[in-house]
Amino acid sequence: MDGRRRGGWVYIMADRYRGTMYVGATSNLAARIHQHRNGSGSDFCRHYGLTRLVWAERGETITDCIAHEKRLKRWHRDWKIELIERANPDWRDLHDQMP
Numbered sequence: 049m050d051g052r053r054r055g056g057w058v059y060i061m062a063d064r065y066r067g068t069m070y071v072g073a074t075s076n077l078a079a080r081i082h083q084h085r086n087g088s089g090s091d092f093c094r095h096y097g098l099t100r101l102v103w104a105e106r107g108e109t110i111t112d113c114i115a116h117e118k119r120l121k122r123w124h125r126d127w128k129i130e131l132i133e134r135a136n137p138d139w140r141d142l143h144d145q146m147p
């Protein structure tokens with residue numbers, strides 16, 4: 049199967065409630081979050097200590113997820129906070145609830 053059709057995830061990592069945020073896209077959410085948590089996911093997450101998965105959304109294709117990631121990265125901070133808090137008002141770490 050074509051890798052672009054397998055689907056993927058757009059996600060947001062944070063260090064704390066309403067703290068620093070990182071928007072990413074991946075085809076394997078569990079593996080990517082593990083990378084962020086052990087410091088090998090991204091320089092940004094490692095530098096700012098972003099280990100908390102606060103929002104994630106499944107996409108039909110990884111291409112769709114990458115496009116959504118790019119849109120979210122252009123959003124104002126307040127819009128990202130509102131997006132997170134609609135699904136996760138307490139900014140709980142969703143790592144244990146991952147599929």
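For the sequence shown, the tail end lands on 147 under the working numbering, and the numbers increase by one without skipping. Even glycine gets a Cβ: it sits at the ideal position worked out from N, Cα and C.
Asked, Found
"By how many angstroms is the C-alpha of Glu130 removed from the C-alpha of Thr111?", "25 Å"
"With three or more C-beta pairs closer than 8 Å as the rule, is the stretch 114-121 touching the stretch 75-92?", "no"
"Check whether the Cβ atoms of Gly72 and Gly89 sit closer than 9 Å, and answer yes or no.", "yes"
"In terms of DSSP beta bridges, what is Val71 paired with?", "Ile60"
"Identify whether Glu105 lies in helix, strand or coil by the three-state DSSP scheme.", "strand"
"Just curious, the alpha helix (DSSP H) that Arg125 is in, first and last residue?", "Arg125 to Ala135"
"Pull up the DSSP beta-bridge partners for Arg122, would you.", "Paired residue(s): none; Arg122 is not in a bridge."
"Give every residue of the same chain whose Cβ lies closer than 6 Å to the Cβ of Val102, excluding the five residues on either side of it in the sequence, and list them in chain order.", "Ile60, Ala62, Ile132, Asn136 and Trp139"
"State the start and end residues of the unbroken alpha helix (DSSP H) segment that holds Ile91.", "It is Asp, not Ile, that sits at residue 91 in the sequence shown. Start and end: Asp91 to Tyr96."
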